[in-house]
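Just below is one structure, and these are the notes that go with it.
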Amino acid sequence: MVNLPPRAVAGAKHHGSYEWLLQRFTAAIMAIYTLGMISLLMIRQPDGYSEWVAITDNNTWRFGTLLTLLSLFVHAWQGVLDILNDYIKPLALRKALKLATLLALVWYAVWSVLILWKL
Amino acid sequence: MSTGIAMPYDQRPKNLNLASIRLPVPALVSILHRASGALIFLLLPVLLWALQQSTEAGGYAGLVNMMDSAWIKLPLLVLIWAFIHHFLAGIRHLTLDMRFGLEIRQARRSSKLVLVAGLLLTLLTGIWLW
Amino acid sequence: MRFSIYRFNPDVDLEPYMQDYEVALQPEDRMLLDALLRIKTMDDTLSMRKSCREGVCGSDAMNINGKNGLACVTKLSSLSEPVVVRPMPGLPVVRDLVVDMTQFFENYNSVKPYLVNHDPVPETERLQSPEQRAKLDGLYECILCGACTTSCPSFWWNPDKFVGPAGLLQAYRFMADSRDQVLEQRLDNLEDPFRLYKCHNIMNCVDVCPKGLSPAKAISKIKELKMKGLKSGGFKAPASGTALAGKQISIKRVP
Numbered sequence: 001m002v003n004l005p006p007r008a009v010a011g012a013k014h015h016g017s018y019e020w021l022l023q024r025f026t027a028a029i030m031a032i033y034t035l036g037m038i039s040l041l042m043i044r045q046p047d048g049y050s051e052w053v054a055i056t057d058n059n060t061w062r063f064g065t066l067l068t069l070l071s072l073f074v075h076a077w078q079g080v081l082d083i084l085n086d087y088i089k090p091l092a093l094r095k096a097l098k099l100a101t102l103l104a105l106v107w108y109a110v111w112s113v114l115i116l117w118k119l
Numbered sequence: 120m121s122t123g124i125a126m127p128y129d130q131r132p133k134n135l136n137l138a139s140i141r142l143p144v145p146a147l148v149s150i151l152h153r154a155s156g157a158l159i160f161l162l163l164p165v166l167l168w169a170l171q172q173s174t175e176a177g178g179y180a181g182l183v184n185m186m187d188s189a190w191i192k193l194p195l196l197v198l199i200w201a202f203i204h205h206f207l208a209g210i211r212h213l214t215l216d217m218r219f220g221l222e223i224r225q226a227r228r229s230s231k232l233v234l235v236a237g238l239l240l241t242l243l244t245g246i247w248l249w
Numbered sequence: 250m251r252f253s254i255y256r257f258n259p260d261v262d263l264e265p266y267m268q269d270y271e272v273a274l275q276p277e278d279r280m281l282l283d284a285l286l287r288i289k290t291m292d293d294t295l296s297m298r299k300s301c302r303e304g305v306c307g308s309d310a311m312n313i314n315g316k317n318g319l320a321c322v323t324k325l326s327s328l329s330e331p332v333v334v335r336p337m338p339g340l341p342v343v344r345d346l347v348v349d350m351t352q353f354f355e356n357y358n359s360v361k362p363y364l365v366n367h368d369p370v371p372e373t374e375r376l377q378s379p380e381q382r383a384k385l386d387g388l389y390e391c392i393l394c395g396a397c398t399t400s401c402p403s404f405w406w407n408p409d410k411f412v413g414p415a416g417l418l419q420a421y422r423f424m425a426d427s428r429d430q431v432l433e434q435r436l437d438n439l440e441d442p443f444r445l446y447k448c449h450n451i452m453n454c455v456d457v458c459p460k461g462l463s464p465a466k467a468i469s470k471i472k473e474l475k476m477k478g479l480k481s482g483g484f485k486a487p488a489s490g491t492a493l494a495g496k497q498i499s500i501k502r503v504p
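Order-wise, the sequence lines are chains A, B and C. Residue numbering for the first sequence follows our numbering, starting at 1 and increasing by one per position. Residue numbering for the second sequence follows our numbering, starting at 120 and increasing by one per position. Residue numbering for the third sequence follows our numbering, starting at 250 and increasing by one per position.
Okay, here's the thing in structure tokens:
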């Protein structure tokens, strides 16, 4: 058999492929939500707090928004990772920034739930 | 003048003076895609905060009041541009992934379209905001 | 004609610098390489690579007015003055316009740019149908000058991890070859998040290729093969004749 170089990530056969797909999948979710939300706002033209509440005070909106926000955080994680890998060469600093990014995004996810369900 | 010592291999310079390297429009759209994404990421706490404010009557009124100030509206417009550009460049990216528009001429045209449409839509949003 | 040329001699200079030249060109000086050789008659310390001087060998790729290209096929009449000539970006400079291509060729080597076929060696050539052969058009013509890879920002920031457009074009050239039998391994070889997936469709590679090739297309085809592989949950063993499943035509060997 031919000797091809070992995979860079042991045991993760589809590491790069799944990350690549996930980035596009989350993008699609956000795009659909954005277009839906823009159309909704254009149709309803909410003017004032009570009309805004009428749009947002239901679980369909909450779950849709949460799904989109979670997609956003996953998408941002990949994107920021890409940026840090490209531009931050000192290993310790890069790892620290990755950890900070991860913690921030996990906190945003929790915060999103707290916001949407007014907890 | 010779120091007589050849420079070690890993200390040799690389020509990476970015100002000297031509930036084609597709590459410009690509780097702006990254920059706009980074900007949105950095402003995520502000966006979440605004969402939180909007769920309460007092906070909602506060946000509406803030929109009177040009000092809020102008940075907001930058964020709106970042969003629109990232969105449009992302759609273009997806079409390229699906192997549409991969000819260099088409790719140049679509990149110009993304760039101009992003600015135009931002301008329209700005007019609507004011 | 005025030129501004990147100079660096590691024995003497601590930093690279730009040197200006004013050259009286002769009527026979038509291409940038002619002008550089004319300058060399005035200043023989100027270093560059060159060989065939007709766009075939790929030796004299450099950054010309900000764009990578071959000096020997770049018309002087197409260049605005002063003509800024710098070495290809992102590779260590050996001297002046000469860069160290080691990393470039290591990346090329890492995709195993040769046919792998475990069948017994036939007495005559391994034949292809015209259709099978046509799949290699736009892939085999690469002269490995490095213009595409060194114009790619993804390569600049991760030269040791991202294979780069030239290497990926060659990776696909062998994936697309009906005589090759290790498609699965070739795809696996590009699986980590950097080797293939650092490509973000910037398309500088297509912009500069002096042979008019499209590494971007080859890369997108590799990604397509990868997604097909994911969908079918892996690839069939090479023995069942998979190189591009279903598209392989068996050819009778001429006795």
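Ideal Cβ placement from N, Cα and C applies to all residues, glycine included.
Please return the same chain residues whose Cβ sits closer than 8 angstroms to the Cβ of His152 (chain B), not counting the five positions on each side in sequence. The residue labelled residue 152 (chain B) in the question sits at position 33 within the second sequence. If we look at His152 (chain B) and ignore the five residues flanking it on each side, its Cβ neighbours are His204, His205, Ala208, Gly209, His212.
Bridge partners of Asn312 (chain C), per DSSP? Along the third sequence, read from residue 1 onward, the residue named residue 312 (chain C) stands at position 63. DSSP, once it has assigned bridges, lists C:Asn317, C:Arg335 as partnering Asn312 (chain C).
What distance in whole Å lies between the Cβ atoms of Arg428 (chain C) and Leu346 (chain C), which are believed to be in contact at a cut-off of 8 angstroms? In the third sequence, counting from the first residue as 1, residue 346 (chain C) sits at position 97. In the third sequence, counting from the first residue as 1, residue 428 (chain C) sits at position 179. Between Arg428 (chain C) and Leu346 (chain C) the Cβ distance is about 39 angstroms, and since that is not below 8 angstroms, they are no contact.
Tell me the DSSP secondary structure of Glu433 (chain C) in three-state form. In the third sequence, residue 433 (chain C) corresponds to position 184, counting from 1. Three-state DSSP puts Glu433 (chain C) in a helix.
Hey, Arg444 (chain C) and Phe411 (chain C) are a contact pair by Cβ (cut 8 angstroms); roughly how many whole angstroms apart? Against the third sequence, residue 444 (chain C) aligns to sequence position 195. Against the third sequence, residue 411 (chain C) aligns to sequence position 162. 7 angstroms between Cβ atoms; contact.
Stretch-stretch touch, CB-based, cutoff 8 angstroms, three pairs: the stretch 86-95 of chain A with the stretch 46-62 of chain A: no
Pair within 8 angstroms by beta-carbon distance, Asn134 (chain B) and Pro336 (chain C): As a first step, residue 134 (chain B) must be located in the second sequence, where it is residue number 15. As a first step, residue 336 (chain C) must be located in the third sequence, where it is residue number 87. For Asn134 (chain B) and Pro336 (chain C), yes; Cβs fall inside 8 angstroms.
Say whether chain C places a C-beta atom closer than 8 angstroms to the C-beta of Ile140 (chain B). Taking the first residue of the second sequence as 1, we reach residue 140 (chain B) at position 21. Yes, because at least one Cβ of chain C sits closer than 8 angstroms to the Cβ of Ile140 (chain B).
List the residues of chain C that Ile191 (chain B) touches, going by C-beta distances under 8 angstroms, in chain order. In the second sequence, residue 191 (chain B) corresponds to position 72, counting from 1. Those do not exist, as Ile191 (chain B) stays about 33 angstroms from chain C at its closest Cβ, beyond 8 angstroms.
Let's test the definition: count the other Cβ atoms within 10 Å of the Cβ of Asp82 (chain A) and tell me whether it reaches 16, buried, or not, exposed. In the first sequence, counting from the first residue as 1, residue 82 (chain A) sits at position 82. Its Cβ being crowded by 16 or more others within 10 Å, Asp82 (chain A) is buried.
For the stretch 341-382 of chain C, list the alpha helix (DSSP H) runs that are entirely contained and at least 4 residues long, ordered along the chain. 351-359
If you draw a straight line from the alpha carbon of Trp77 (chain A) to that of Ser378 (chain C), how long is it in whole angstroms? Here the question's residue 77 (chain A) lines up with position 77 in the first sequence. Here the question's residue 378 (chain C) lines up with position 129 in the third sequence. Roughly 47 angstroms separates the two Cα atoms.
Amino acids of chain B, ordered along the chain, whose beta-carbon sits closer than 7 angstroms to that of Leu340 (chain C): Here residue 340 (chain C) refers to the residue found at position 91 when the third sequence is read from its first residue. In chain order: Lys133.
Cutting at 6 angstroms between CB atoms, please list the residues of its own chain near Leu196 (chain B), excluding the five before and the five after it. Your numbering for residue 196 (chain B) matches position 77 in the second sequence. Within the same chain, Leu196 (chain B) has close Cβ partners Gly245.
If you follow the alpha helix (DSSP H) that Met30 (chain A) is part of, which residue opens it and which one closes it? The sequence position of residue 30 (chain A) within the first sequence is 30, counting from 1. Run containing Met30 (chain A): 15-44, per the alpha helix (DSSP H) assignment.
Between Leu102 (chain A) and the rest of its own chain, which residues show a CB-CB distance below 8 angstroms, the 5 nearest in sequence each way excluded? The residue you call residue 102 (chain A) lines up with position 102 of the first sequence. So the list reads Trp77, once near-sequence residues are dropped.
Going straight from the alpha carbon of Ala492 (chain C) to that of Arg375 (chain C), what length do you get? Your numbering for residue 492 (chain C) matches position 243 in the third sequence. Your numbering for residue 375 (chain C) matches position 126 in the third sequence. Legend: pLDDT at Ala492 (chain C) = 41, less than 50; position of this residue unreliable, value from coordinates given subsequently. Cα to Cα, the separation comes out at about 14 angstroms.
Could you spell out the range, first to last residue, of the beta strand (DSSP E) harbouring Gln268 (chain C)? Position 19 of the third sequence holds residue 268 (chain C). Note, Gln268 (chain C): beta strand (DSSP E), 266-271.
Checking the sheet assignment: what are the DSSP bridge partners for Lys324 (chain C)? Residue mapping note: residue 324 (chain C) aligns to position 75 of the third sequence, counting from 1. Beta-bridge pairing links Lys324 (chain C) to C:Met280.
Between the stretch 310-319 of chain C and the stretch 451-464 of chain C, do three or more beta carbon pairs fall short of 8 angstroms? A contact exists between the stretch 310-319 of chain C and the stretch 451-464 of chain C.
Just list the residues that DSSP pairs Arg256 (chain C) with in beta bridges. Position 7 of the third sequence holds residue 256 (chain C). For Arg256 (chain C), which the question treats as bridged, DSSP gives the partners C:Tyr266.
For the stretch 431-446 of chain C, list every residue whose C-beta sits within 8 angstroms of some C-beta in chain A, in sequence order. So the list reads Val431, Gln434, Arg435, Asp437, Asn438, Leu439, Glu440, Asp441, Pro442, Phe443, Arg444, Leu445, Tyr446, given in the order they occur along the chain.
Please list the partners that Leu479 (chain C) has in chain A, where partner means a Cβ-to-Cβ separation under 9 angstroms. Locating residue 479 (chain C) in the third sequence gives position 230, where the first residue counts as 1. Simply His14, Ser17, Tyr18, Leu21.
Give a yes or no on contact between the stretch 383-403 of chain C and the stretch 322-334 of chain C, applying the rule of three or more CB pairs nearer than 8 angstroms. No: fewer than three Cβ pairs fall under 8 angstroms.
Beta carbon of Gly237 (chain B): closer than 7 angstroms to some heavy atom of the ligand ATP? Looking at this structure, you won't find the ligand ATP or any other ligand, since it has none at all.
List the residues of chain C whose Cβ lies closer than 9 angstroms to the Cβ of Leu215 (chain B), in chain order. By 1-based counting over the second sequence, the position of residue 215 (chain B) is 96. Asn450, Met452, Ala465, Ser469, listed in chain order.
For the alpha helix (DSSP H) containing His93 (chain B), name the first residue and the last one. The first residue shown for chain B is 120 and the last is 249, placing residue 93 (chain B) beyond what the model contains.
Expressed to the nearest angstrom, what Euclidean distance is found between the alpha-carbon atoms of Phe73 (chain A) and Pro371 (chain C)? For the purposes of this step, residue 73 (chain A) is taken as the residue at position 73 of the first sequence. For the purposes of this step, residue 371 (chain C) is taken as the residue at position 122 of the third sequence. Cα-Cα distance, rounded: 56 angstroms.
Could you tell me the alpha carbon to alpha carbon distance between Leu239 (chain B) and Gln171 (chain B), rounded to whole angstroms? One-based indexing of the second sequence puts residue 239 (chain B) at position 120. One-based indexing of the second sequence puts residue 171 (chain B) at position 52. So the two alpha carbons sit approximately 30 angstroms from each other.
To which residues of the same chain is Leu462 (chain C) closer than 7 angstroms at the C-beta, ignoring the five residues directly before and after it? Here residue 462 (chain C) is taken as the residue at index 213 of the third sequence, counted from 1. If we look at Leu462 (chain C) and ignore the five residues flanking it on each side, its Cβ neighbours are Gly387, Glu390, Cys391, Leu418.
Going by alpha carbons, who is nearest to Tyr270 (chain C) out of C:Thr398, C:Thr294, C:Cys397, C:Phe252? As a working note, residue 270 (chain C) is residue 21 in the third sequence. Nearest of C:Thr398, C:Thr294, C:Cys397, C:Phe252 to Tyr270 (chain C), Cα basis: C:Phe252.
Proximal residues to Ser173 (chain B) (C-beta, below 8 angstroms), its chain only, five neighbours per side dropped: Here residue 173 (chain B) is taken as the residue at index 54 of the second sequence, counted from 1. Tyr179, Leu182.
So that I know if they touch, is there some Cβ in chain C lying closer than 8 angstroms to that of Leu221 (chain B)? Within the second sequence, residue 221 (chain B) is the residue found at index 102, counting from 1. For Leu221 (chain B), the answer is yes, since a Cβ of chain C falls inside 8 angstroms of its Cβ.
Separation of Cys301 (chain C) from Arg7 (chain A), as counted between CA atoms: One-based indexing of the first sequence puts residue 7 (chain A) at position 7. One-based indexing of the third sequence puts residue 301 (chain C) at position 52. The predicted position of Arg7 (chain A) is uncertain, since its pLDDT is 43 and thus under 50; a value taken from the coordinates is nonetheless stated next. When rounded, the distance between both Cα atoms is 38 angstroms.
Against chain A, which members of the stretch 147-178 of chain B pass a CB distance test of less than 7 angstroms? Arg153, Gly156, Ala157, Phe160, Leu163, Leu167, Leu170, Gln171, Ser173, Thr174, Ala176
Terminal residues of the continuous alpha helix (DSSP H) containing Trp405 (chain C)? Position 156 of the third sequence holds residue 405 (chain C). Start and end: 402-406.
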